[in-house]
Amino acid sequence: MIGASAYIAWCSAKNRVRVRLRRLREPRYLIGAIVGVAYFYLTIFARGRRPGVRVNGRGGGPPALPPQFALGAAAIGGLGALALSLLMWLGTAKSGLLDFSEAEREMLFSAPVSRRQLLVHRIIRSQFGSLFASVLIALFATPVTGSGRIRLAIGVWIVLLTARIYYAAVSLSRARLQSRAASTRLLARLPLAFLLVALLVVVTSIVREFRDVVVAGPGDVFVHLTRVASAGMPRVVLWPFAAVARAPFAGASADVVSGLLPALLVLAVVTAWLLASSDAVDAVAGQGGGPQEKIEKRAAKVPQAARSVGWTLPLHGRPELALFWKGATEMVRGTSANALRIAIPLLVVIVGMTSAMMGASGMRQPAGVVSLVCGLLAGVSILFGPQMMRTDLRTDLQHLELLKTWPMRAAEVIRGEMAWPVAFVSLFASAAIVTSALFSGTALPNQPFVDRWSLAIAVIVAGPALVSAQFAVHNMTAILFPGWVQLGSQRTRGIDAMGQRLIMLAAVLVSLIAFSLPGAIAGGVIWLALHRLIGNVVLVPAAVAFSVIVLVEVLLVTELLGPAYEKIDVTSIERPE
Amino acid sequence: MPIAVSHFTRTYGSFLAVDDLSIEVGAGEIVGLIGPNGAGKTTTLRALAGILLPTSGQITVDGHDLASDAIAAKKRLAFMPDEPHLFEYLTVEEHLRLTARLYAVPDFEPRAKALIEELELAGKEKSLPGELSRGMRQKVVIACGLVRDASVLLFDEPLTGLDPIGIRKMRQTIVARGRGGAAILVSSHLLHLVEEICTRVVIMDRGKKVADGTVAELASRAEAAAGSNLEQIFLKVTGRE
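Chains Y and A supply the protein sequences, listed in that same order. Each residue of the first sequence is one higher than the one before, starting from 1 at the first, in the numbering used here. Each residue of the second sequence is one higher than the one before, starting from 1001 at the first, in the numbering used here.
Structure (structure tokens):
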């Protein structure tokens, strides 16, 4: 099976490269490749020749950290790895290693190979991705040159591989916890029990350490955490986590092999755990049949009816609103309870960070924390929301065959696809701004009420325009370069894909500036004319002028994109395997 | 003429998929479009549905040019592809409702109810596509096509994934729509189906139309033996005998 897996991996990689090379005949892909190569050259190979840039000598390895700091970094890395392992148990998303492609399901599950061999096959197939990522990281690591890059790449590769295999083993163990066989359940509980014991030991020690001390700042926190993680029982239980976290820096030590040995040992144990859990592959991979059929039936909770969204689409009205309804329905149903498992810890981290920032700036009141968190959330959602929320043409290009049969003008389709994500991001940001403004009185007592609320209203008015402009730019790039758009979870790789992403990023930024400039000029003129008369209240009319101009531009762009949308060739869209 | 294709040519890069195709389908006609794999059938149907633009030539639906008057043309046609493209998070009922809204179907509720019964989708109205079998998803696509009064129906392998009862019902549905006055173009490799339900057959090979007529006319032109079925005629016409 190993030979067959290697054959599949080799042929797939070879043919992928061949397809990539063939598509360079198209100018846009060729330009993408040139930009990608140029970026690589300028950021990696030409970097050392620039004046003022100093790199290690020939064969310089990963940065050699001062002994005290290295010890602390490894300990903190171990703590991070422990936290990551816990998150893996909390999440319920399927491991990528167990995400068999349609072809693998059709051809390999019916082949006379064991599930353990299938796992080995998946590990082999995943190596290209892990190796590619490791090499990239090593290439971009600034102070590393020559053979040091190889050593760093090996270390990073071990970390990625261990994390990938660990997550797959966690997925299988979760399924095995549902088993009716007591012995299977017991074995599945062992790694979880180890993790919980480690967590208990570490948390207890951290609480003890921080109970009687006054923390002066982040540096102090680092010192105390290092002290906890590098001594006594926490050191013992964190050893496997720290061993893996240390792997990328092993090249800095005198003996690379002995530096990597602990991480390789952990990798071997995790791999053995994964292979020993192979009887749950069917349950997790969703194949059914075989000895795990019962487990799968119990584990798979397919809803018998879709969740009600409480909004029935009226049979009459503008077609854009039908797509607005579609987007809302898809988002409500697509957001599972699992998302909360990620969102809640994320919120905790944000609140923690904000509290630290507030503490540093002297604003200790809870109201200040709320105000700043909400302000940050609003800013992040306005600036990054359109990038993250892809429930527009970037997703629906995979349904282009259906969309193009609908009796709608192209501009209506584009606006309809954008409508829901624009509304959602704008409403979310506005709610965050209002909350921030409500608590801003306590947080910033020295700022006048009028100033604070003028700013809040201005952001609420200008935010949707800025969000619309960004969605317009993203949809414009999807229409003009459909071959470059990543559909769903698909991720194109390769030098030309990297070049494409760089071009797209630059295009989005330039287009956004071009979109905003006329509105910003109009807003600026209003500011200059009225600021002396009405003070900071001028922010509101300036924002209104900005919004009106940007929204008109968005409307015009959606109309202008019509002919390009009509010309999109369904065959130009790259679909995943 | 509900469907009029005139000198339609479509290329993919340097590959010529359809070469100077001209066909017409009248009201009440059920025309079978058959040919070997890669003959250009799906490209033709996709162009007729407005998904692909012709490289050259003209396609009109009920007199409306698909290039210059696309919305009016698309309002009159329903395309049922071989691969069911459904939205992951919309239920069966919501797919029908969305279609009804986009095509401004006047009496949606009774139509949807009748179609759900006709296509044996009862009890699946609240199901998401992921919960349905391939055959059921195919039926949803067909239901979306039939929920409106389209004067032109385009079927690409309509029986894929259907069970024997579904196949029988689908045959009856297509024939009933044809009798109701719709112009129907059916692409299928099931030659006995085409022979049974189609009033006329168009055979394509390597992007070109190589034969067009009733089964009897094709047999006569191909100098096939008396009593030859469509399969024998097809093999003779395409030179694969």
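Glycine included, C-beta positions come from ideal geometry on N, C-alpha and C. In this text, all values refer to a predicted model and were calculated from it rather than measured experimentally.
Quick check: the Cα distance between residue i and residue j, rounded to an integer number of angstroms?
{"i": "G290 (chain Y)", "j": "L1128 (chain A)", "result": "Only weak support exists for where G290 (chain Y) lies, its pLDDT of 39 falling under 50; the coordinates are left without a value."}
{"i": "L402 (chain Y)", "j": "L1066 (chain A)", "result": "16 Å"}
{"i": "R586 (chain Y)", "j": "L1090 (chain A)", "result": "There is no way to answer for residue 586 (chain Y), as the model of chain Y reaches only from 1 to 577."}
{"i": "A263 (chain Y)", "j": "I154 (chain Y)", "result": "11 Å"}
{"i": "A285 (chain Y)", "j": "E104 (chain Y)", "result": "11 Å"}
{"i": "R1134 (chain A)", "j": "C1144 (chain A)", "result": "15 Å"}
{"i": "L98 (chain Y)", "j": "A1073 (chain A)", "result": "46 Å"}
{"i": "V1092 (chain A)", "j": "G310 (chain Y)", "result": "16 Å"}
{"i": "S258 (chain Y)", "j": "G327 (chain Y)", "result": "54 Å"}
{"i": "L579 (chain Y)", "j": "L372 (chain Y)", "result": "Outside the displayed span of chain Y (1 to 577) sits residue 579 (chain Y), for which this structure offers no information."}
{"i": "E1125 (chain A)", "j": "A1100 (chain A)", "result": "15 Å"}
{"i": "K1236 (chain A)", "j": "S173 (chain Y)", "result": "60 Å"}
{"i": "S430 (chain Y)", "j": "V459 (chain Y)", "result": "8 Å"}
{"i": "G416 (chain Y)", "j": "L427 (chain Y)", "result": "17 Å"}
{"i": "E209 (chain Y)", "j": "H224 (chain Y)", "result": "7 Å"}
{"i": "A522 (chain Y)", "j": "A542 (chain Y)", "result": "7 Å"}
{"i": "A423 (chain Y)", "j": "M88 (chain Y)", "result": "33 Å"}
{"i": "G1013 (chain A)", "j": "V1147 (chain A)", "result": "37 Å"}
{"i": "D1149 (chain A)", "j": "F1108 (chain A)", "result": "11 Å"}
{"i": "V135 (chain Y)", "j": "I150 (chain Y)", "result": "8 Å"}
{"i": "T1214 (chain A)", "j": "L1121 (chain A)", "result": "34 Å"}
{"i": "K1208 (chain A)", "j": "V1005 (chain A)", "result": "13 Å"}
{"i": "A74 (chain Y)", "j": "R235 (chain Y)", "result": "11 Å"}
Going by the C-beta, is residue i closer than 7 Å to any heavy atom of the ligand COA?
{"i": "A74 (chain Y)", "result": "Summarising the ligand content, the structure contains no ligands, and the ligand COA is consequently not present."}
Residue i touches chain Y at which residues, Cβ-Cβ below 7 Å?
{"i": "T1091 (chain A)", "result": "A306"}
{"i": "F1234 (chain A)", "result": "Simply none; closest approach about 27 Å."}
{"i": "A1049 (chain A)", "result": "T405"}
{"i": "P1081 (chain A)", "result": "E401"}
According to the neighbour-count rule (16 or more other Cβ atoms, all chains shown, within 10 Å of its Cβ), is residue i buried or exposed?
{"i": "G375 (chain Y)", "result": "buried"}
{"i": "H1007 (chain A)", "result": "exposed"}
{"i": "Y166 (chain Y)", "result": "buried"}
{"i": "W453 (chain Y)", "result": "buried"}
{"i": "I1003 (chain A)", "result": "buried"}
{"i": "P482 (chain Y)", "result": "buried"}
{"i": "H316 (chain Y)", "result": "exposed"}
{"i": "I2 (chain Y)", "result": "exposed"}
{"i": "N446 (chain Y)", "result": "exposed"}
{"i": "A138 (chain Y)", "result": "buried"}
{"i": "W273 (chain Y)", "result": "buried"}
{"i": "L186 (chain Y)", "result": "exposed"}
{"i": "F471 (chain Y)", "result": "buried"}
{"i": "P191 (chain Y)", "result": "buried"}
Which residues of chain A have a Cβ atom closer than 7 Å to the Cβ of residue i, listed in chain order?
{"i": "T477 (chain Y)", "result": "In chain order: nothing, as chain A lies at least about 21 Å away."}
{"i": "P407 (chain Y)", "result": "I1071, K1074, K1075, L1102 and Y1103"}
{"i": "R333 (chain Y)", "result": "Y1089"}
{"i": "P319 (chain Y)", "result": "L1102"}
{"i": "A322 (chain Y)", "result": "L1098, R1101 and L1102"}
Run through the DSSP bridge pairs and tell me what residue i is partnered with.
{"i": "H1064 (chain A)", "result": "A:V1061"}
{"i": "V1005 (chain A)", "result": "A:I1023 and A:I1059"}
{"i": "F1155 (chain A)", "result": "A:M1080 and A:V1186"}
{"i": "K1209 (chain A)", "result": "A:M1204"}
{"i": "G1032 (chain A)", "result": "A:V1186 and A:V1201"}
{"i": "L275 (chain Y)", "result": "For L275 (chain Y), which the question treats as bridged, DSSP gives no partner whatsoever."}
{"i": "Y1012 (chain A)", "result": "A:F1015"}
Cβ closer than 8 Å: which chain Y residues qualify as neighbours of residue i?
{"i": "L1052 (chain A)", "result": "D569 and V570"}
{"i": "R1097 (chain A)", "result": "T312, L313 and L315"}
{"i": "F1155 (chain A)", "result": "Near F1155 (chain A) there are no residues of chain Y at all, since even the closest Cβ is about 13 Å away, more than 8 Å."}
{"i": "H1064 (chain A)", "result": "Ordered by position in chain Y, no residue passes the 8 Å Cβ test against H1064 (chain A), which lies about 11 Å from the chain."}
Name the chain A residues that come within less than 8 Å of residue i, Cβ to Cβ?
{"i": "T329 (chain Y)", "result": "Y1089, L1090 and E1094"}
{"i": "K326 (chain Y)", "result": "F1087, L1090 and L1098"}
Using a beta-carbon distance cut-off of less than 8 Å, what residues from the stretch 1013-1039 of chain A approach chain Y? none
For the stretch 1104-1119 of chain A, which residues have a CB atom closer than 8 Å to at least one CB atom of chain Y, in sequence order? A1104, V1105 and F1108
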